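A.B. asks:
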Amino acid sequence: MTYRSISQNMTLVLTVLVMITGVATLQSCKDKEGCTDPNAINYDSDAEEDDGSCKYENSFASDTLESNIESAMTLSSNTYICGRIQVNAGLTIEEGVTLSLCSGAEIRVNKGSYLQASGTSAKPITIQGEVDTKGFWKVIEINSNNPKNVLENVQLSNGGGDSFWNNAMVFVNNNNNAQLKVTNTTFSQSKGYGLYAQDGTELNNFSNNTFSNNGKEGLRITADLIDFLDTETTYNNNNDKPYILVNDNGSIEKNQTWRNTSSPYLIKGDVDVNAQVTVQAGTNVRMGSGSEIHVNQGAAFNAEGTSSDKITFKGKTETGGFWRVIEINSNNPENVFRNVEFHHGGSDDFWDHSTIYVNDNNNGSLDMKNSTIRQSGGWGMYVQSNANVTPSDSTSMVSQNTFTNNGALNAA
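Per the numbering used here, the very first residue in the sequence shown carries number 18; after that it's consecutive.
(1) Relative to the C-alpha of S393, which candidate in L246, N226, T372 and W275 has its C-alpha closest?
(2) Measuring from the CB of A240, is there a heavy atom of the ligand GTP at a distance below 7 Å?
(3) Taking the beta carbon of Q450 as the centre, do at least 16 other beta carbons fall within 10 Å, making it buried, or is it exposed?
(4) Quick one: grab the DSSP three-state call for T412.
(5) Taking the Cβ atom as the reference point for each residue, do Y282 and V263 lie within a distance shorter than 8 Å?
(6) Report yes if the C-beta distance between G267 and A240 is below 8 Å; otherwise report no.
(7) Count the other CB atoms within 10 Å of the CB of N422; is the residue buried (16 or more) or exposed (fewer)?
(8) Thinking N253 and S280 are a contact (beta carbons under 8 Å), I'd like their distance in whole angstroms, please.
(9) I'd like to know whether the C-beta atoms of F153 and N175 end up nearer to each other than 8 Å.
(10) Who are the Cβ neighbours of E219 in its own chain at under 6 Å, not counting the five residues just before and after it?
(11) Count the other CB atoms, across all protein chains shown, that sit within 10 Å of the CB of F330; report buried if there are 16 or more and exposed otherwise.
(12) Going residue by residue through the stretch 343-389, where are the continuous beta strand (DSSP E) segments of at least 3 residues, counting only ones entirely within it?
(13) So, with DSSP's three-state summary, where would you put W340?
(14) Tell me which residues share the same chain as E270 and place their Cβ nearer than 7 Å to its Cβ, disregarding the 5 neighbours each side in the sequence.
(15) Thinking C-beta only, is S135 closer than 8 Å to V104?
(16) Would G178 be called buried (16 or more neighbouring beta carbons within 10 Å of its own) or exposed?
(17) Quick one: is K155 buried, meaning 16 or more other Cβ sit within 10 Å of its Cβ, or exposed?
(18) In the DSSP assignment, find the unbroken beta strand (DSSP E) run with S268 in it and report its ends.
(19) Just reading off the beta strand (DSSP E) that I243 is part of, what are its end residues?
(20) Would you report the Cα separation of D366 and W340, rounded to the nearest angstrom?
(21) Exposed or buried, which one is Q314 when buried takes at least 16 other CB atoms within 10 Å?
(22) Quick check on this structure: which residue in N301, V296, T295 and D265 has the alpha carbon closest to the alpha carbon of P259?
(23) In three-state DSSP terms, what is F181?
(24) How many Å lie between N163 and S88 at the Cα?
(25) Taking the alpha-carbon positions, what's the P408 to S382 distance?
(26) DSSP puts R125 in a beta bridge; with which residues?
(27) Just mark K327 as buried or exposed, buried being the case when its beta carbon has 16 or more other beta carbons within 10 Å.
(28) Measure the CB-CB distance between T96 and S79 and report whether it falls below 8 Å.
(29) Hey, quick one: how far does the beta strand (DSSP E) through F318 stretch, first residue to last?
(30) Ordered along the chain, which non-local residues of its own chain (more than five positions away) have a Cβ less than 6 Å from that of I142?
(31) With a 10 Å radius around its C-beta and 16 neighbouring C-beta atoms as the bar for buried, classify G332 as buried or exposed.
(32) Return yes when the Cβ of I159 is within less than 8 Å of the Cβ of N190, no when it is not.
(33) Ordered along the chain, which non-local residues of its own chain (more than five positions away) have a Cβ less than 7 Å from that of N255?
(34) For Q392, which three-state DSSP category applies?
(35) Can you tell me whether DSSP reads T28 as helix, strand or coil?
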């Protein structure tokens, strides 16, 4: 049997006490956990490490969706959406439902599946960030050409949080020739674009929508989609980028109309016209730096304004030679300009710095009257030797149109 002295026992007790005290001290030094977001209603100013407990004013009793959708699903009550949701079946959102998206959340509607969000004017669907800030969640991406893809009476806000989708809140992808019906829907508070639709996609029944307070242009499309746009939509509300952005080099393969929309079109890049384009009276087109329009063999570009409702093509920056050219390579008799204002073209010497260039490759032809070309980088109009214009001589062309402040002579 082993005996300890009193002094040994005292030493053992003191050692244990010191160890316990040390543990307590270590625990007291550990960062306090709690809600560290000042925007939350349960913000704890003493908390040093966030424990995921934050609650917000727009928090509500709801379901939470955090997993992929593999069979048809209907959301009939308010729902939190967290993480990346792959929609591989049908997702239906009923009228009046609010979806509150977590930070960085995204919804991807894949090939063959659909997103059907059909609200009413009395009971719209709301898709918003859990926190009311631009770019709080990422994107709704449409990769499906299912005709059931619908946004109707929907209020979207706070998306566009990822540059992979050009900071668009809703992205219509051309991988599967995706299509989306968009009516009576509001896109606001995106970090970038409200809606971005790539070439080869479709925006069916696009009407009566509103784009407001987005970080970039509310709507970004390619030239082949212009025909889907309506005149009732508000394309820009409280934004310093007051345009419909028509971006990327692209081609027009079907007849279409450029309507007199509430905001100007901003053309960036090259547009190849291989069908007939009809530009409505009053339409306002802004041309980006170095942009150009080519009317190719068999195609037509018909722009007929009126004396009180003129069509305008101007540089985004109003300086001579800002954009390149409108080139006519077609002898289609529908190539007609009436009451059109062309300003700030002629930036490229390939077309002799002309704003309008009528090429004789295909015996190009153009009928232009009561129109104005001003502040071209060089010629106002350049007509090659075997091309055809009406009026047919330079004196009549100058007398029946207005050429002013161009860098070279008016017409050649």
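All residues carry an ideal CB built from backbone N, CA and C; glycine is no exception.
All of these numbers come straight from a predicted model, not from anything done at the bench.
C.D. replies: This is what the structure holds:
(1) T372
(2) Within the structure as shown, the ligand GTP is missing, as the structure has no ligands at all.
(3) Residue 450 lies beyond the residue range present for the chain, which begins at 18 and ends at 429; the question has no answer from this structure.
(4) helix
(5) yes
(6) yes
(7) exposed
(8) 5 Å
(9) yes
(10) Q196
(11) buried
(12) 353-355, 357-360, 373-375 and 382-386
(13) coil
(14) D241, N291 and A292
(15) no
(16) buried
(17) buried
(18) G267 to I269
(19) Here I243 belongs to no beta strand (DSSP E), and DSSP marks it neither H nor E.
(20) 12 Å
(21) exposed
(22) N301
(23) helix
(24) 16 Å
(25) 11 Å
(26) Q103 and E158
(27) buried
(28) yes
(29) A317 to E321
(30) I110, V114, A134, G136 and V171
(31) buried
(32) yes
(33) S229 and N230
(34) coil
(35) Summary for T28: the model assigns pLDDT 45, below 50, so the residue's position carries little reliability; its value from the coordinates is reported in the next sentence. Correct three-state label for T28: helix.
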